[in-house]
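Sequential numbering of the sequence shown, starting at 1, is according to UniProt numbering. This report refers to the structure that appears directly beneath it.
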Amino acid sequence: MFDRTLRQTQAPRMKVIVAEDSDLQRLFLCSLINGLGFEAIEAADGDIALDLVARTRAEIVISDLEMPHLDGIDLTRAIRARNLDQYVHVIMVTGADDVDLRDAALLAGVDDFITKESSPALLKARLQTAVRLINHATELADRTRTIKETNQRIQDDLRAAAVAQCQLLPNLQDEVMGFRVASAFVPSAIVSGDMFGYFELNDDKLGFYAVDVSGHGVHASLLSVAIGHLITPDYFRTHAFDPDGQPDPAAMVATLNARFSAFGGDDYFTMFCGIVDRVSGRLDFCQAGYPSAFYVDPAGNVSLVGDGGFPVGMLPSGTYENNAHQFEIGATLVICSDAAAEAENPSNQPFGTPRVGDIARLFPHVGVDEIPQSIVQALNLWRNGVPLEDDLTVLALERKNPSDTYNNT
């Protein structure tokens, strides 16, 4: 009697298909296999065995090399060609003189070999090896499935977060307080570390801001969403005016810096914010490490507004200054995150600030609504359709004649 210890360690009745055209040899193998605690399933030829693999979900096939209709090598090829839910471990039974055929069998996908003269102990060892490999493959498949399911849940959560983030953003095109506003928002991942907004502050003042959080992905997006929730019209009114009621956006940036640097982490963000008077056209702004804005005068001449500044949240000692610019009727201001200028083409050449300015210069001919999307399209062509590696924000404001576009009641 053969050692039955395998019966105690193997999962109950793992199915083993025995493909053998010799009735006597098939009966002998099945008897041995059943005695080792498996469920042997007989197949008189390769065609029957292939059908049984699909119907029984067997994970082990012991096949003779030479059989009518479908031999062992062709049977193995057919098994590997099928999209089965389980991996099938194939053990080929060969004659002692069939050494040259083993290379072809391995190329077909055979996992192991025994000869017709092999002892029951060797058959047991081969089956033990098969069981270990199958169990390992099953564990890997279970882990892979768990990872895929977890990843799918994360992706679903990220998409929900992206929807929530977009709901914080203003309309992509709008008319507010004598200004035509157009924008574009292109995350490099599902969620973004960028945030921007604009709103009426009082009868004459329009406030706006754009933020670019350092880093990418979920962590950056969480901070950008927190900033989006924080910077509201009331926050502007409370922190971006001095005691005399004059615009002081630098004071608001300093307040934000004190708030976010107090956490002591590595998080920081760049920012461009401003307050513009719809009647006088005076623009008071503060630049905190964000790229300089493009000012396009009514004739289409482009100049840069701002000269740098220190990021927000990096150091508690950071200081910020106000600057002023005259915003003419018929002019536009284009604010663009650094993703545009830094975007590289396949030759690793950056798009560059001058090219962004060239697109902004088109404003008098195409209108402010077309500027953000024109930048997006130019970057897509520059990168041959490869997605941006950083989040992109474009915010363009055109000053209209206030008497024509805004009725102050």
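Even glycine gets a Cβ: it sits at the ideal position worked out from N, Cα and C.
Any chain D beta carbon closer than 8 Å to residue i
i, result
"glutamine 128", "Here chain D cannot be found, since the structure has a single protein chain."
Nearest residue (CA-CA) to residue i, options the options
i, options, result
"valine 296", "Leu362, Ile227, Asn384", "Leu362"
"proline 298", "Ala58, Thr332, Thr393", "Thr332"
"aspartate 142", "Asp203, Ile114, Gln86", "Gln86"
"glycine 300", "Thr232, Pro364, Leu84, Leu256", "Pro364"
"alanine 288", "Thr255, Arg282, Phe263", "Thr255"
"serine 347", "Met177, Ala78, Asn384, Pro372", "Asn384"
"glycine 265", "Ala240, Arg278, Pro316", "Pro316"
"leucine 222", "Ala161, Phe179, Thr129", "Ala161"
"alanine 240", "Glu139, Asn202, Leu101, Phe269", "Asn202"
"proline 68", "Asn151, Arg132, Asn257, Gly46", "Gly46"
"asparagine 83", "Asn401, Ala54, Ile41, Asp267", "Ala54"
"asparagine 135", "Glu59, Leu122, Leu101", "Glu59"
"leucine 106", "Ser118, Arg80, Pro120, Leu127", "Arg80"
"glycine 217", "Ile154, Phe263, Val93", "Ile154"
"aspartate 242", "Val225, Asp284, Met271", "Asp284"
"aspartate 277", "Phe236, Asp307, Asp244, Asp204", "Asp204"
"glutamine 326", "Met314, Val131, Leu304, Glu344", "Leu304"
"threonine 393", "Ala340, Thr129, His219", "Ala340"
"phenylalanine 208", "Arg180, Glu66, Ala130", "Arg180"
Contacting residues, own chain, Cβ-Cβ under 6 Å from residue i (five flanking each side not counted)
i, result
"leucine 395", "Ser183, Phe196, Ala210, Ile335"
"glutamate 20", "Arg26, Asp64"
"glutamate 39", "Arg13, Lys15"
"glycine 318", "Asn257, Phe310"
"arginine 126", "Ile91, Asp112, Ile114"
"tyrosine 290", "Thr270, Met271, Phe272"
"alanine 43", "Ile17, Ala19, Ala49, Leu52"
Same chain only: Cβ atoms within 7 Å of residue i, ignoring 5 sequence neighbours per side
i, result
"glycine 215", "Gly193"
"aspartate 111", "His89, Val90, Ile91"
"phenylalanine 351", "Ala340, Ala341, Ala343, Leu379, Trp382"
Assumed close pair residue i, residue j - CB separation to whole angstroms, cut-off 8 Å
i, j, result
"leucine 50", "leucine 29", "Not a contact, Cβ separation roughly 18 Å."
"leucine 158", "isoleucine 190", "4 Å"
Outcome for residue i when other beta-carbon atoms lying within 10 angstroms are tallied against a minimum of 16
i, result
"aspartate 391", "buried"
"serine 337", "buried"
"arginine 399", "buried"
"cysteine 166", "exposed"
"phenylalanine 263", "exposed"
"serine 119", "exposed"
"threonine 94", "buried"
8 Å CB neighbourhood of residue i in its chain, flanking five on each side removed
i, result
"glutamate 149", "none"
Item checked: Contiguous beta strand (DSSP E) assignments of at least 3 residues, all confined to the UniProt domain "Response regulatory" (15-131) -> 15-19, 39-43, 60-64, 89-94, 112-115
Notebook entry, point to check: Which whole runs of the alpha helix (DSSP H) in the region 330-404 are 4 residues long or more, in chain order?
Noted result: 338-342, 353-360, 363-366, 370-382
Margin query: Extract the residue ranges of the beta strand (DSSP E) inside the region 170-229, only unbroken runs of 3 or more that lie entirely within it.
Written below: 173-176, 179-186, 194-200, 205-213
Next item on the list: List in chain order: all unbroken alpha helix (DSSP H) runs of 4+ residues lying wholly within the region 245-300.
Entry: 249-261
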